[in-house]
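Going by this note's numbering, the first residue of the sequence shown is number 166, and it counts up by one from there.
Here's the structure we're looking at; comments come further down.
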Amino acid sequence: MKTEQIYLAPVTEDESKQGSTKDMRAMLGKYLYHWPLFLVIMALCVGLALWYAASQPPSYTIRAKVTIKDDTKTGDMKTALQEITISQSPKAMESEVQKLKTRALIGRVVHDLQLWSTYHVENPYGVEEVHTSSPVRFKLLDQKRPITEQNFNIYIESEDHYILTQPGGNEIRVPFNSTSTNAFGTWKLDTTAHLVDYIGKSLVVRLSSSEDATNAWIAKLNVALNKTAPIVDIDVDDTDPERGVMVINHVIKSYKMLDIEEKNKVTESTLRFIDDRLTDVTGELTSVEKDVEGYKSSQGLTDISSQSQVYLQSVQANDGELNKVNVQLNVIDGIERYINSAGSNGNAPATLGIEDPGLNNLVSQLATLNLERNKLLATTPEDNPLFAPLNSQIQSTKNAIKGNIRAIRSSLLATRKQLQGFNFKAESSIKNIPGQERQYLSIKRQQAIKENLYVYLLQKREEIGLQYASTLSDINTIESAYYEGPKSKKEVPLAIAIMCGFLLPVGLISFRETWKNKIHDVAELKPTEIPVLAELIQEEGDSAIVVLDRNTFALAEQFRALRSNLFHVYGKTQVSRVTLFTSSVSGEGKSFISNNLAISIAASGKRTVILELDLRRPQMSKYFKFDKENPGITDYLRGNATIDQIIQPSQVRSNLSIIAAGPIVDDPAELLESERLVELIRTLREHYDEILLDTPPLHLVTDAMILGRVSDLTVYMVRQGVTSKAEVQFIKQLKQEKMMPAMHLVFNGIHRNRTGYGYSYDYSYYNYSKSKSVSSRKLMKNLASRF
């Protein structure tokens with residue numbers, strides 16, 4: 166047995182008790198009514214997501230791990246070679262990690278591996294990129310100008326030839342490994358071991374600029390520092406895992422080479438300084454030795470007394486210290502000249518013999534900053550804002566070096582003054598030594614000084630040369646690049662598809678309701694502060710008189726409820742009552758409701774008459790069969806007919822009478838204002854219990870407002886999905902200004918399934934077997950109407 170739930174609205178209702186439950190049920194029912202729309206959009210979104218996931222090549226994550234020596238944690242512990250030469254400033258892990266993603270490093274990798282060229286083949290879902298399995302390799306032999314983005318469409322004809330499609334559409338047959346020339350230079354296509362797998366297939370070779378390729382790989386490369394280890398994790402996502410492994414390994418290799426190159430630049434600067442000093446000292450030593458030889462020959466000296474030997478040893482030891490001070494002052498002067506010179510962006514001078522660790526670190530830092538500035542100058546104009554912080558660091562470092570130099574020079578000058586005073590005292594104590602011997606000792610002392618300095622420089626040169634030959638990188642590879650299984654690309658598209666499958670229909674339904682701007686819920690009528698007599702559902706039927714149609718028994722029961730509510734409003738104070746039916750605009754169901762209610766009231770045994778007062782567009786003939794030639798209201802109002810002549814009995818109910826509109830006139834409002842209408846209503850009150858007035862829409866014409874003076878109560882129609890929300894303010898104004906008597910509302914045309922609106926009422930008691938086929942037809946009709 167079929168059951169269905171309908172809504173029977175009472176006159177008053179405590180909406181606060183079940184408002185939230187009703188709203189939730191209404192919202193759910195509204196969307197469930199459009200389940201085919203949800204199903205279609207969900208299927209479409211999921212299908213597109215699956216197609217997208219299938220069209221995307223699998224993505225692999227390639228990983229590697231390296232460790233970088235953190236010099237900032239070694240403190241003052243230095244190797245011997247670091248103390249005798251210019252050393253780089255200590256490495257900080259954070260700054261070193263960032264070097265792995267610099268444009269200079271990644272650009273070198275892109276150039277070495279020719280990552281600016283990619284290879285693409287067609288697949289059932291579009292175009293797929295291949296690299297390690299590509300049948301050809303693009304090789305640039307001579308570049309005339311920078312490469313811009315362009316494609317080469319080729320068809321692999323055989324193992325020896327391919328067909329190149331030119332921009333104009335012309336095709337040329339070209340042998341593999343043969344040179345070709347175009348705007349950017351000379352190039353050729355070399356074959357690979359995969360060529361035989363692509364014979365008879367098309368291939369697209371795409372070229373892009375090195376800058377674009379570098380930017381793309383910088384964006385793809387991820388570098389993260391694990392500070393607790395410290396270990397640097399490097400990873401990249403790529404559709405070709407072998408290419409990803411090759412790229413990461415080459416990044417690590419290039420970074421090691423870059424680290425060694427930076428160290429070698431500093432070492433080469435020190436070697437050049439020592440070589441220059443050796444050249445000068447060698448010449449000075451040769452000159453002093455010739456002086457010794459000449460003096461001995463001229464003076465005939467063959468031996469030196471033991472006293473002279475003791476003096477010589479003492480003075481030589483003192484002179485050795487004095488010589489070191491002079492060397493350090495010489496180095497200090499060289500550093501100061503370098504700092505004060507206008508073009509001091511070259512290699513910093515060596516700090517040989519300077520034992521102050523602060524000055525050594527500052528000179529090392531200055532050398533590193535100058536190297537970074539020179540690298541940046543190679544790719545960036547000098548007026549670029551990127552030089553501002555670097556130039557500021559260089560200037561602040563120079564200022565710090567100047568301060569250290571002043572302090573060190575002051576200390577060295579004091580030391581030299583003390584040593585010179587000791588020599589003066591020593592020379593004074595040997596006045597008794599013969600002048601020849603004294604002169605000889607002076608020359609010999611100069612020879613010893615030059616010999617010591619020469620030996621010292623030779624020793625340092627060998628040590629630094631050994632460092633240059635055995636320079637090692639501070640970067641060690643813990644795990645070479647490896648890749649894991651492909652990552653699934655279905656989860657995110659499917660999640661987005663499912664979300665869109667729900668949100669798009671909800672958005673479409675909400676947008677449609679907002680765009681139509683129609684009333685859909687009786688709660689939207691609350692601002693009018695007018696009570697609602699009844700809420701009538703929308704029923705599909707073949708007859709306009711639904712209260713007599715067994716297939717629309719649910720709506721018929723609601724009309725009976727409306728009749729009861731109307732009687733309740735009137736009470737027992739009035740014997741004959743005049744009820745006016747109107748609405749805002751046409752199509753809201755005032756004629757339908759007034760005529761069916763008239764039949765329902767007549768069925769209760771009351772003498773009922775209905776007046777068709779919509780003189781502009783009479784509709785009563787759709788509901789009742791009557792003699793159209795019979796006089797109507799317009800005839801009576803013009804004085805052409807009597808009351809008895811215009812009243813016609815209804816063929817539906819014996820105690821229901823009809824007064825039709827009559828002929829259409831040009832001045833309906835003027836006729837309705839006549840006193841004959843008042844006389845008509847007064848006469849009808851004497852013979853009928855219920856008088857129903859079917860009037861025109863109130864917001865379109867003023868006829869209903871004119872008829873309000875002869876009415877006891879106004880039933881105002883509001884239809885779901887038809888009445889505009891703007892009418893709420895109009896209805897409220899009618900009540901506030903008391904333009905219509907005792908206004909009550911009827912909420913008509915409720916689509917229960919479509920809007921999820923209404924209460925439950927089981928009317929299975931009224932179900933008949935003959936209604937089953939009608940219900941099936943109605944179900945199919947409603948299903949089609951959803952779209």
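Positions of the beta carbon are idealized from the N, C-alpha and C atoms, including for glycine.
Between the CA atoms of residue j and residue i - distance to the nearest angstrom
i, j, result
"Leu623", "Ile559", "32 Å"
"Tyr788", "Ile674", "35 Å"
"Lys428", "Gln585", "40 Å"
"Glu892", "Ser749", "7 Å"
"Val883", "Pro696", "12 Å"
"Phe552", "Asn617", "45 Å"
"Asn391", "Val397", "6 Å"
"Asp927", "Glu722", "Note that Asp927 scores 43 on pLDDT, short of 50, meaning its location in the model is unreliable; the coordinates nonetheless yield the value given after this. Each residue's Cα considered, the two are about 11 Å apart."
"Pro814", "Gly914", "29 Å"
"Ile233", "Leu527", "23 Å"
"Ala726", "Gln816", "24 Å"
"Thr330", "Glu314", "16 Å"
"Thr226", "Glu407", "11 Å"
"Ser751", "Asp831", "19 Å"
Assigned exposure category for residue i - 16 Cβ within 10 Å defines buried
i, result
"Asp325", "exposed"
"Ser374", "exposed"
"Gln493", "buried"
"His359", "exposed"
"Thr872", "It should be pointed out that residue 872 corresponds to Leu in this sequence rather than to Thr. Buried is the call here."
"Pro332", "exposed"
"Ile364", "exposed"
"Val292", "exposed"
"Met664", "exposed"
"Trp281", "buried"
"Glu199", "According to the sequence displayed, residue 199 carries His and not Glu. With 16 or more Cβ atoms within 10 Å of its Cβ, His199 is classed as buried."
"Gln530", "buried"
Distance CB(residue i)-CB(residue j) smaller than 7 Å
i, j, result
"Thr879", "Pro862", "no"
"Ile413", "Ala662", "no"
"Thr516", "Asn505", "no"
"Asp969", "Val734", "What the structure shows of the chain is the stretch from 166 to 952, and residue 969 is not part of that stretch, so it cannot be assessed."
"Ser260", "Tyr320", "no"
"Ala214", "Pro651", "no"
"Asn387", "Asp400", "yes"
"Leu270", "Ile312", "no"
"Leu450", "Lys609", "no"
"Lys890", "Asn682", "yes"
"Thr297", "Asp424", "no"
"Ile629", "Leu443", "no"
"Asn730", "Leu698", "yes"
N- and C-terminal bounds of the alpha helix (DSSP H) containing residue i
i, result
"Asp809", "Ile808 to Ile811"
"Asn820", "Note, Asn820: premise wrong, no alpha helix (DSSP H); not H, not E."
"Gly272", "Arg268 to Leu278"
"Phe757", "Lys755 to Ala768"
"Val687", "Run containing Val687: none; DSSP gives neither H nor E here."
"Met785", "Per DSSP, Met785 belongs to no alpha helix (DSSP H) and is neither H nor E."
Start and end residues, beta strand (DSSP E) containing residue i
i, result
"Glu520", "First-last for Glu520: undefined, no H or E at that position."
"Phe912", "Met908 to Ile915"
"Ala646", "Ile640 to Tyr648"
"Asp400", "Ile396 to Asp403"
"Trp352", "Gly350 to Thr356"
"Asp377", "No beta strand (DSSP E) holds Asp377; the alpha helix (DSSP H) holding it covers Ser375 to Lys385."
"His733", "Element bounds for His733: not the beta strand (DSSP E) but the alpha helix (DSSP H), Phe718 to Tyr735."
"Gln308", "Val301 to Gln308"
"Asn316", "Gln315 to Ile321"
"Asp362", "That residue, Asp362, is in no beta strand (DSSP E); it is neither H nor E in DSSP."
"Ala543", "First-last for Ala543: undefined, no H or E at that position."
Inter-residue CB distance, residue i and residue j (contact presumed, cutoff 8 Å)
i, j, result
"Ser419", "Val301", "In fact, because the Cβ distance is near 26 Å, the residues do not count as touching under 8 Å."
"Ala821", "Ile798", "The question names Ala, but residue 821 is Leu in the sequence shown. That pair is no contact at about 17 Å."
"Gly827", "Pro796", "6 Å"
"Ile764", "Val712", "5 Å"
"Leu857", "Ser759", "5 Å"
"Asn588", "Val453", "Their Cβ separation, rounded to whole angstroms, is 17 Å, which puts Asn588 and Val453 out of contact at 8 Å."
"Glu501", "Ile573", "Incorrect: roughly 10 Å between the Cβ atoms, too far for contact."
"Val671", "Tyr196", "7 Å"
"Val431", "Ala348", "Not really, about 43 Å apart at Cβ, beyond 8 Å."
Closer than 7 Å to chain D by CB, residue i
i, result
"Leu849", "The chain inventory of the structure shown lacks chain D, comprising one protein chain alone."
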